[in-house]
Structure formats: structure tokens, C-alpha cells
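S.K.:
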Amino acid sequence: MRGVKTQAMLPGMTPMSARPAKGKDQAEKPDEWPPISEMLQSLVVFESATQKSAPVTVMGIASGCVDLTLQQRALLNEADVLCAGHALLAAIAPEAENTLQLVCPLDPVLARIEQLHAAGKRVLVAADGDPLFFGIGASLVRRLGADVVRILPAVSCLQLACARLGLPSHNVVCLSLHGRDDMAPLNAATGADAPLFVLTDGHTRPDALARHLLDRGVDWFFAHIFENLNTPDETATHVSLDKAAGMHFGPACTLVLTPVGKARRPCLGLNAQDLAAESSLVTKAPVRAAALALLRIEPAHAVWDLGSGSGAMALEAAALAHQGRVTAVEKKPERAVCIEENRRRFGAATVDVHLGEAPQCLAALPDPQRVFIGGGLSGEQGRDILHHASLRLPPGGRIAVNCALLNTLHLCRDFFDSLGWPVVIVSIQAAEARPLGSDVHLAALNPVFVLAAQKPA
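Numbering (UniProt numbering), first residue to last: 1 to 457.
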């Protein structure tokens with residue numbers, strides 16, 4: 001590109017605004033131009049701009065379509081290097097010599113593209129559909145910058161699937177489970193009261209996802225499964241999650257889940273009578289309320305509930321961290337079964353149940369922003385649990401401990417004082433109305449101390 005300098009008046013020239021107005025007899029006469037000598041002295045000066053390397057072009061190709069347009073074919077012919085996945089390379093340029101294959105991990109491939117661009121090579125990256133829709137485009141822009149990468153999108157698999165269903169795509173929550181073992185994004189999305197679009201792979205097939213959702217009590221979706229979308233072999237299956245769970249699907253699937261009922265979520269103030277529990281092991285509602293208030297859980301937080309018991313605290317934490325995840329840790333199998341049953345009853349998809357004993361099992365858990373410990377802290381094991389939890393919390397992270405025993409309260413206070421963490425202690429002394437004769441009376445609950453501490457920023 002070339003730059004343009006600001007226009008400047010030359011000696012002897014009269015500005016247009018300063019020229020005398022034309023009379024009626026001059027209306028048809030053209031304006032007089034300045035003498036040619038003045039024009040040749042350059043009213044406008046052009047100067048060469050710095051030559052830039054050609055952009056890295058990311059060309060989207062509609063899913064299932066290998067017939068390139070004239071523009072796409074021209075880009076292919078002009079490229080010095082073609083980069084694409086193995087199948088796409090074989091489909092659009094089987095005889096191309098200078099190629100770079102898109103494989104995982106991506107970092108070495110991105111580094112090579114960056115080197116080729118710096119060397120002045122014209123790099124063409126071919127991708128399925130819209131390269132910015134869970135594609136290579138976003139990775140290239142992050143690596144090279146938006147001014148270096150040119151994106152030429154095609155129709156995405158989301159648009160194709162929504163077109164098949166007559167479903168407005170702007171209402172759809174989209175997520176990709178390609179190459180992921182972690183179902184947390186899907187779990188969190190189930191409470192959105194919106195259609196879900198899910199990119200799957202051979203590991204996260206639609207039948208496996210249906211079983212996963214039903215195991216967590218998520219039964220309010222209808223499944224639309226497209227295999228080999230936009231190809232001659234395309235098939236569409238429209239079934240309930242129950243039926244999808246018993247079927248088998250291949251790896252090349254696009255899944256759309258449409259709500260057929262109101263999404264269920266756990267709420268605060270759960271009734272103990274509604275919970276499956278071993279030996280009525282349920283943290284009392286006033287104590288849960290105080291602990292949750294002291295934890296200050298935010299929607300996207302990861303929360304640990306250590307010594308979860310029936311999972312009541314985990315369920316209510318999930319009501320607050322509905323875009324995050326809650327891990328309920330329980331060492332007794334019979335109690336873990338109760339937590340799983342309560343998760344199904346309340347559709348608490350974001351609650352993970354982990355059978356194990358702290359602190360040994362904590363290394364396998366995702367880092368938390370909030371930690372709740374329901375009790376069971378004593379002696380050196382109790383200090384070890386506090387130690388491991390404090391190491392995993394980020395600056396600003398919070399921990400709350402229910403202390404029914406004074407020894408537990410002293411242990412926790414001494415531990416956090418030694419770290420210099422600010423501590424808050426609340427005493428909960430509540431009573432519940434219970435029948436007495438023809439009336440009711442207030443029966444006192446066991447007093448509990450709730451200690452909360454925050455890791456300094």
C-alpha cells in the first residue's frame with residue numbers, strides 16, 4: 001500500500017474559498033486551473049510504503065464439500081504452502097508438494113506457520129466450515145495477530161445442523177468436546193434453558209453423552225444426531241436421551257439437544273426429607289446457610305466439599321456455582337451412593353462425586369476457588385487436609401469449616417493464624433419447631449462453629 005501526504009498550498013496559488021464568486025455571466029465557464037508549472041511541483045506527494053508479507057489466509061470449506069469455488073481454487077494455486085488436516089489435504093490437493101499437516105499438538109504447527117510467514121511465504125490454511133468456530137482460526141489469530149491472519153469462512157456445521165432443524169442459531173449454546181475427557185462444559189450448559197450444540201468425537205459419542213447426562217438426572221432434552229453431515233452418507237436420528245443412550249453412533253457426529261421441559265437445578269434450603277442419606281447424615285439447613293454465606297461462591301467457581309456425607313452442601317453449592325463445578329469427596333461408598341442419587345433427584349449435573357479419603361485423593365481434583373469441610377478434622381490428618389487445601393487455593397480463595405468440637409475449632413484457628421490468613425468465626429445456635437402434644441415447641445439443635453478463612457492476595 002502507498003501512503004498519502006497532506007495537501008499543501010504552493011506560492012502564488014489562490015485557495016478555492018478565496019476566489020471571487022462567479023457572476024451570472026460566468027455560470028457556464030469552467031474554473032481556471034493553476035498553471036501547469038505549479039501542478040508539476042506536486043500538490044500531492046506519493047511515497048513508497050513498507051512492503052508487508054502476504055497475510056496467512058485461513059480458508060473455510062463447507063463441511064462435506066470438496067468442490068472448491070473459483071476464488072478458493074485461485075487461492076490454492078497462488079499459495080506457496082498449503083496447511084490442512086490429512087483428510088482435507090487428500091480431498092482438495094492430493095498432489096500438492098509443499099504441504100504442512102495440521103496435527104495435535106498444534107503448537108509446533110503454529111510455530112512453523114509463523115516461520116513461513118516471516119520468510120515471506122504465502123501460507124494457505126484450509127479448514128472445515130468456519131475456522132473461527134472451534135477451529136484453527138482462533139489459534140492462529142492468538143499466535144500471529146488479527147492483522148496478519150485473513151479469515152475466509154464457509155458455512156459451519158452449526159449452521160447446517162440448525163438449517164436442518166429450522167432452529168435459530170443465535171439461541172443455541174455451543175460447545176466442543178473434541179479431544180476432551182472433561183465433561184464440565186456440558187454439565188454446566190445443561191442448566192441454560194436453551195438448545196445445546198455439541199461437537200463430538202470418537203470418545204465423546206452421542207450415546208456416551210446421553211448416558212452421562214441421564215446418570216446426572218438430566219432428562220429434559222431431545223437428541224438430534226447428524227452423522228456425516230452434508231455428505232451423500234448423511235443420516236439424521238431424532239430420539240429421546242433414553243433411546244440415544246442405548247444406540248451406537250460413529251465418530252463423525254454433530255449433536256443438537258433441544259429442551260423438552262424446564263431445566264432442573266438444586267436450590268438453597270433443601271429439605272432433609274427429600275434427600276437420600278445414610279443415618280440421616282445431613283448438615284442442618286441453618287449451618288449450610290451460614291457456611292455458604294461465608295464462602296461467597298460465584299457462578300463459575302470450582303468448589304470442593306470434603307466429607308460430603310449426603311451431598312446436601314454440594315447440591316446447594318452447585319445452585320450458586322451453576323456455571324462451574326462442585327466436587328463432593330466422600331470416603332464411604334454407601335454415602336457416595338447417596339450423593340449420586342441426590343444428584344439425579346435434583347438434576348445437579350455440575351456435581352462430581354469422588355470416592356476417596358483426604359488428603360490422599362486431593363491431588364486428582366481440579367484446583368478449587370472455594371473449599372468446604374464438613375468436619376472430621378482431628379490431629380495430624382486434620383492439619384494435613386488443611387495444608388493441602390490451602391496450597392491448592394488461589395490468592396483470594398476461601399475455605400469454610402464446620403466445627404462441632406472445640407478441638408477442631410482450635411486446630412483450624414491455630415493453623416490459619418500460623419499462615420497469617422484473616423479468620424471469621426460464627427456460632428450457629430438454632431432451634432427447629434417440632435410437634436409437642438397438640439402444639440409445637442422449639443427444639444434446640446447442637447451448636448456449631450463455622451470458621452472461614454481467606455488466602456491473602
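By construction, the Cβ of each residue, glycine as well, lies at the ideal position given by its N, Cα and C atoms.
Could you tell me whether the region 331–346 touches the region 267–279, using the rule of 3 or more Cβ pairs below 8 Å?
M.R.: Contact holds: three or more Cβ-Cβ distances are below 8 Å.
S.K.: Cα separation between D128 and N230?
M.R.: Cα-Cα distance, rounded: 12 Å.
S.K.: How about the region 313–325 and the region 285–302: do they share at least three Cβ pairs that are nearer than 8 Å?
M.R.: Enough Cβ pairs lie closer than 8 Å, so yes.
S.K.: Kindly indicate which residue of L102, W421, P359, D80 has the alpha-carbon position closest to the one of H86.
M.R.: The shortest Cα separation from H86 among L102, W421, P359, D80 belongs to L102.
S.K.: Identify the residues that DSSP records as bridge partners of V56: which are they?
M.R.: Answer by DSSP bridge pairing, in chain order: V149.
S.K.: For A444, tell me which candidate among I297, Q429, L436, F416 has the shortest Cα-Cα distance.
M.R.: Taking only the C-alpha atoms, the option nearest A444 is Q429.
S.K.: Could you tell me the distance, in whole angstroms, from the CA atom of R112 to the CA atom of P251?
M.R.: For R112 and P251, the distance between alpha carbons rounds to 29 Å.
S.K.: Pick helix, strand or coil for I297, following the three-state DSSP scheme.
M.R.: Three-state result, I297: coil.
S.K.: Can you give the Cα-Cα distance for S438 and A431, rounded to whole angstroms?
M.R.: Each residue's Cα considered, the two are about 19 Å apart.
S.K.: With distances taken between CB atoms, is the gap from A245 to D215 smaller than 7 Å?
M.R.: No.
S.K.: Please classify C104 as buried or exposed, where buried requires at least 16 neighbouring CB atoms within 10 angstroms.
M.R.: With fewer than 16 Cβ atoms within 10 Å of its Cβ, C104 is classed as exposed.
S.K.: Look at the alpha carbon of G145 and the alpha carbon of D80, and state the distance between them as a whole number of angstroms.
M.R.: Taking the straight line joining both Cα atoms gives about 21 Å.
S.K.: Measure the CB-CB distance between F226 and V260 and report whether it falls below 7 Å.
M.R.: Cβ distance not < 7 Å, so F226 and V260 don't count as in contact.
S.K.: Decide if L10 is buried, meaning its Cβ has at least 16 other Cβ atoms within 10 Å, or exposed.
M.R.: Note that L10 scores a pLDDT of 41, beneath 50, so its modelled location is shaky and nothing firm can be said.
S.K.: With a threshold of 6 Å on Cβ separation, who are the neighbours of L82 within its own chain once the five nearest residues in sequence on each side are excluded?
M.R.: Hits under 6 Å: A93, A96, T99, L124.
S.K.: Taking the C-alpha atoms as reference points, what is the distance between L75 and A314?
M.R.: Between L75 and A314, the C-alpha separation is close to 55 Å.
S.K.: Using 8 Å as the Cβ pair cut-off and three pairs as the minimum, do the region 368–379 and the region 396–409 touch?
M.R.: Enough Cβ pairs lie closer than 8 Å, so yes.
S.K.: Would V440 be called buried (16 or more neighbouring beta carbons within 10 Å of its own) or exposed?
M.R.: Exposed, because fewer than 16 other Cβ atoms sit within 10 Å of the Cβ of V440.
S.K.: Could you give the DSSP three-state label for Q369: helix, strand or coil?
M.R.: Q369: coil per DSSP, three-state reduction.
S.K.: Going by beta-carbon coordinates alone, are A189 and N171 separated by less than 7 Å?
M.R.: It is not a contact, given that the beta carbons lie outside the stated cut-off.
S.K.: Nearest to K121 by CA position, among S390, D352, V148, is which residue?
M.R.: The candidate whose alpha carbon is nearest that of K121 is V148.
S.K.: Kindly list the residues whose CB is nearer than 8 Å to the CB of A457, restricted to its own chain and excluding five residues on each side of it in sequence; keep chain order.
M.R.: Taken in chain order, the residues that qualify are P395, G396.
S.K.: For the beta strand (DSSP E) that F222 lies in, which residues bound it at each end?
M.R.: Note, F222: beta strand (DSSP E), 221–227.
S.K.: Pick from T258, H117, P131: whose alpha carbon is nearest that of G166?
M.R.: With distances taken between Cα atoms, G166 lies closest to T258.
S.K.: Have a look at A452, L270, G64 and flag the residue whose alpha-carbon is nearest the alpha-carbon of A348.
M.R.: It is L270.
S.K.: Out of curiosity, what's the CA-to-CA distance linking D352 and H410?
M.R.: Taking the straight line joining both Cα atoms gives about 31 Å.
S.K.: Hey, out of P168, F133, E357, P108, whose CA is closest to H388's CA?
M.R.: Ranking the options by Cα distance to H388, first place goes to E357.
S.K.: Ignore the nearest five residues each way along the sequence and tell me which others in G191's own chain have a CB closer than 6 Å to its CB.
M.R.: The residues are A263, R265, H322.
S.K.: Closer than 7 Å by C-beta to L241: which residues in its own chain qualify, once you throw out the five before and the five after it? Chain order, please.
M.R.: Same-chain partners within the cutoff: A210, L213, L214, D219, F221, A223.
S.K.: At what residues does the alpha helix (DSSP H) containing S169 begin and finish?
M.R.: No alpha helix (DSSP H) contains S169, which DSSP labels as neither H nor E.
S.K.: Give the range of the beta strand (DSSP E) segment to which residue 465 is assigned.
M.R.: Because residue 465 is not part of the residues shown, which for the chain are 1 to 457, the question remains open.
S.K.: Out of I297, C174, A293, C157, which has the shortest C-alpha to C-alpha gap to C253?
M.R.: Nearest option by C-alpha distance: C157.
S.K.: By DSSP, does T237 sit in helix, in strand, or in coil?
M.R.: Three-state result, T237: strand.
S.K.: Count the other C-beta atoms from every protein chain shown that fall within 10 angstroms of the C-beta of V109, then say buried if there are 16 or more, exposed otherwise.
M.R.: By the 10 Å Cβ count, V109 comes out buried.
S.K.: Can you tell me whether S156 is helix, strand or coil according to DSSP?
M.R.: Of the three classes helix, strand and coil, the one that applies to S156 here is coil, per DSSP.
S.K.: Distance check for S418 and L355, CA to CA, integer angstroms please.
M.R.: Spanning the two alpha carbons is a distance of roughly 31 Å.
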